[in-house]
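Note sheet for the following structure.
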Amino acid sequence: MENKTIKPRRHAAGRDPAKREAILIGAAQVFLDRGFDAASVNDICRAADVSKSTLYVYFDSKDDLFESLIEHERDRVFAGLSECLREERPLRDKLKDFVFILAKILCSDEVIRSQRAIIGMVERMPELGIRYYDGGAMRMRLLISQFLDSEVANGTLEIEDTTLAAYQLIELSTGGVWRQCLFSKVKYPPPAEILRKSSSSAVDLFLAGYTKR
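Here you go:
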């Protein structure tokens with residue numbers, strides 16, 4: 008019987024996850040270095056080591072690529088945060104670690120630069136700003152409010168409006184450092200000890216107001 012070597016199956020056009028990941032990595036580098044408007048598709052192709060025709064198999068346009076990149080990064084971030092809230096630990100310890108991670112994300116180089124890029128684009132592309140908010144801040148609010156709902160049901164917290172409480176916790180998390188980073192008042196990312204202090208204080212204040220007595 009003839010021994011035929013089975014060749015690895017090739018991915019259909021636009022279906023190779025490794026190729027898509029390479030394009031996203033290249034795009035992230037270019038967008039962060041040059042900003043959305045200054046970044047060209049040719050720049051991205053060179054950074055990702057792909058042809059322009061290959062890029063357009065995966066993404067319809069530079070706008071589509073930018074949105075996909077933001078969604079890709081958000082999914083990666085939320086996976087880690089969700090896992091943190093599912094851990095079986097004391098509520099205070101769990102929240103302090105969660106809020107510290109959240110503060111680090113909000114003040115990270117990638118997030119600060121992407122927020123600046125969105126702010127610069129939202130005047131002419133308001134729908135992009137809405138999608139960015141819904142997929143980021145709104146999704147974060149939903150994650151936290153659902154967690155708070157479960158703690159209220161367990162009898163550990165007493166919160167009338169968990170949606171409002173979730174927003175409060177997000178705003179408290181950086182103690183004003185995020186806004187200073189956004190406007191280059193301070194260098195970013197800030198030292199971990201500053202974010203640890205602000206996030207720990209945020210949780211102490213939050214639980215002082217919402218722990219069931």
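Under the working numbering, read the sequence shown as residues 8 to 220, first letter to last. Each residue gets a CB set at the ideal place from its N, CA and C atoms; glycine is no exception.
Residue nearest to residue i in terms of C-alpha spacing, selected from the options
| i | options | result |
| --- | --- | --- |
| Val48 | Ser68, Gly136, Thr181 and Phe213 | Ser68 |
| Ala172 | Gly162, Val184, Ala209 and Asp23 | Ala209 |
| Glu87 | Val106, Cys52 and Ser206 | Note on residue identity: the sequence assigns Gly, not Glu, to residue 87. For the residues Val106, Cys52 and Ser206, the minimum Cα distance to Gly87 belongs to Val106. |
| Lys219 | Pro197, Thr163 and Ile177 | Thr163 |
| Arg203 | Glu167, Gly216 and Cys114 | Cys114 |
| His6 | Ala215, Val193 and Pro24 | Because the chain here runs from 8 to 220, residue 6 falls outside it and cannot be looked at. |
| Leu150 | Ile32, Leu109 and Arg186 | Leu109 |
| Tyr195 | Lys111, Glu94, Pro133 and Leu102 | Lys111 |
| Gln122 | Ile177, Ile51, Glu28 and Gly136 | Gly136 |
| Asp168 | Leu155, Asn161 and Ile177 | Leu155 |
| Leu92 | Asp116, Ile51 and Glu158 | Glu158 |
Three-state class that DSSP yields for residue i in the structure shown
| i | result |
| --- | --- |
| Thr181 | coil |
| Thr222 | This structure gives no information on residue 222, because the portion of the chain shown stretches from 8 to 220. |
Supposed contact pair residue j and residue i - C-beta distance, whole angstroms, cut 8 Å
| i | j | result |
| --- | --- | --- |
| Ser207 | Ser180 | Not really, about 10 Å apart at Cβ, beyond 8 Å. |
| Ala7 | Ile30 | The question about residue 7 has no answer here: the residues shown for the chain are numbered 8 through 220. |
| Ala124 | Gly42 | 6 Å |
| Ile119 | Leu212 | Actually they do not touch by this definition, with Cβ atoms about 25 Å apart. |
| Leu72 | Ala34 | 5 Å |
| Phe66 | Ser75 | 6 Å |
| Lys103 | Glu94 | That belief does not hold up - the Cβ atoms of Lys103 and Glu94 are roughly 12 Å apart, past 8 Å. |
| Thr170 | Ser191 | Not confirmed; about 32 Å, so no contact. |
Cβ shell of residue i (< 7 Å), same chain only, five flanking positions each side left out
| i | result |
| --- | --- |
| Arg99 | Val210 and Leu214 |
| Tyr217 | Leu164, Glu165, Ile166 and Ala172 |
Chain-order list of residues whose beta-carbon lies under 6 Å from that of residue i (same chain, five-residue window excluded)
| i | result |
| --- | --- |
| Leu39 | Arg120 |
| Val193 | Gln187 |
| Arg27 | Tyr65 |
Spatial neighbours of residue i in its chain, beta-carbon cut-off 8 Å, leaving aside the 5 residues before and after
| i | result |
| --- | --- |
| Arg81 | Gly142, Gly143 and Arg146 |
| Tyr174 | Arg148 |
Taking contact to mean 3 or more Cβ pairs, one atom from each stretch, closer than 8 Å, check whether the region 48-61 and the region 132-141 are in contact. no
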